[in-house]
Amino acid sequence: MSATIIDGKAFAATVRAQVAEHVALLKADHGLTPGLAVVLVGEDPASEVYVRSKGKQTTEVGMNSYEHKLPADTSEADLLALIFQLNADPAVNGILVQLPLPDHLDSDLVINAIDPAKDVDGFHISNVGLLGTGQKSMVPCTPLGCLMMLRAQLGSLSGLNAVVVGRSNIVGKPMAQLLLGDSCTVTIAHSRTKDLAEVCRGADILVAAVGRPEMIPGDWIKPGATVIDVGINRIERDGKKTLVGDVAFASAAAVAGAITPVPGGVGPMTIACLLANTLTATCRANGLAEPQGLTA
Ligand code: NDP
9 MSATIIDGKA FAATVRAQVA EHVALLKADH GLTPGLAVVL VGEDPASEVY VRSKGKQTTE
69 VGMNSYEHKL PADTSEADLL ALIFQLNADP AVNGILVQLP LPDHLDSDLV INAIDPAKDV
129 DGFHISNVGL LGTGQKSMVP CTPLGCLMML RAQLGSLSGL NAVVVGRSNI VGKPMAQLLL
189 GDSCTVTIAH SRTKDLAEVC RGADILVAAV GRPEMIPGDW IKPGATVIDV GINRIERDGK
249 KTLVGDVAFA SAAAVAGAIT PVPGGVGPMT IACLLANTLT ATCRANGLAE PQGLTA
């Protein structure tokens, strides 16, 4: 068997096009332009790349992008003051604080200072609780992107066995909640799971969010399963730097029914879903119908 490759780059382009279409309608019909504020503290090069890319894609779909770059030694009080100002600003519909923050800042405190209705990363404790209780929330972008790809690939997920490897707050746990919301039978595996290979072999849907290069080989995968590889690992191979996922792609693709590649799978969907969340937040803030297919 040779798996269908789920093209996240193309899927993300479709999501962005849908968002752009809705943004144009919001402008034409309601005079509204969604605004996304991104806050970056310090000069972490990887974070700077992400923030630039987010800003560019935000303006490309017709939204306003507000970048706030603060020095690495910014005090918690000053950062909180900026967040309160953004919470109160009607032009700002979404607020994202780029993580990780410098060590002297308390990430939980900062994230929980964001107005939950503008928390487009879905990390605020209120949104975590709403998702966990099956209520309308802002959903973390990476798991939302995975869910969209799974629904597009499989249609109904109801009754399928889903295994999520990884239990982080930003990927593993919300992913498991979303799959449960779509009526999968969900197992969350982690570093203490016994016989992980056997657990994975029971999965109709396998989501890998571990951060260990090519840890999951093809013989852990049920024939025909759908494999979503969230991992982004930078390794050196044959003297060249390269990106690989948590799944050994070649051996997995020989067994799976469908699989996301790395790069070009889950990665591009994350920013597309950030834009979708900003659009959703704008619609909710203005009492307008939410866009179909862009939320959980
Ligand atoms: P974390 O480090 O926060 O979590 C990793 C999880 O993997 C933990 O729950 C850990 O278990 C589990 N784990 C570690 N080793 C093993 C093992 N040997 N067997 C089973 N489980 C194990 O990572 P994140 O969730 O933040 O990210 C995971 C990966 O996804 C990374 O590669 C990251 O770069 C990538 N990522 C990609 C994104 C994208 O846009 N595509 C967005 C976010 C992340 P335990 O809890 O027991 O320690």
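Note that my numbering has the sequence shown beginning at 9, numbered continuously upward. Just so it is clear, CB atoms sit at the ideal spot from N, CA and C, and this is done for glycine as well. Please read all numbers here as calculations on a predicted model, not as lab measurements.
Contacting residues, own chain, Cβ-Cβ under 7 Å from residue i (five flanking each side not counted)
i: Y58; result: Q106
i: P181; result: Reading the sequence as shown, one finds Lys at residue 181 and not Pro. Within the same chain, K181 has close Cβ partners R175.
Residue burial classification, residue i (beta-carbon count within 10 angstroms, cutoff 16)
i: F92; result: exposed
i: H198; result: exposed
i: P151; result: buried
i: I243; result: exposed
i: T288; result: buried
i: Q300; result: exposed
i: I133; result: exposed
i: Q143; result: exposed
i: A99; result: exposed
i: L8; result: With the chain running from 9 to 304 in the structure shown, residue 8 is simply not present.
i: K202; result: exposed
i: D254; result: buried
Beta-bridge pairing of residue i - partner residues as DSSP gives them
i: R245; result: K248
i: D127; result: I103
i: E75; result: V46
i: A293; result: Bridge partners of A293: none, in fact.
i: D237; result: A216
i: N95; result: Answer by DSSP bridge pairing: none, since N95 is not bridged.
i: I267; result: I13, V235
i: T193; result: N169
i: I224; result: V255
Cβ-Cβ separation, residue j to residue i (assumed contact under 8 Å), whole Å
i: T303; j: C149; result: The pair is not a contact, with the Cβ atoms about 12 Å apart (cut-off 8 Å).
i: K109; j: V128; result: In the sequence under discussion, the amino acid at residue 109 is Leu, which differs from the Lys named in the question. Contact doesn't hold; Cβ gap of about 17 Å is too wide.
i: V27; j: A284; result: 6 Å
i: V171; j: V207; result: 6 Å
i: G275; j: G16; result: 7 Å
i: I224; j: A216; result: 5 Å
i: G295; j: V270; result: Wrong, their Cβ atoms sit about 40 Å apart, outside the cutoff.
i: V118; j: L78; result: Wrong, their Cβ atoms sit about 11 Å apart, outside the cutoff.
i: T250; j: Q161; result: With 8 Å as the limit, T250 and Q161 do not qualify as a contact, their Cβ atoms being about 26 Å apart.
i: D237; j: T193; result: D237 to T193, Cβ: 21 Å. No contact.
i: E51; j: G63; result: Their Cβ separation, rounded to whole angstroms, is 16 Å, which puts E51 and G63 out of contact at 8 Å.
i: S10; j: A261; result: 7 Å
6 Å CB neighbourhood of residue i in its chain, flanking five on each side removed
i: N169; result: T193, G210, A211, D212
i: P221; result: N241, I243, V252
i: L186; result: P151, L155, A304
> Which residues have a Cβ closer than 7 Å to any heavy atom of the ligand NDP, listed in chain order?
Replying inline: T150, V173, G174, R175, S176, I178, V179, G180, A197, H198, S199, R200, T201, L204, A217, V218, G219, R220, M223, V238, G239, I240, N241, D254, V274, G275, T278
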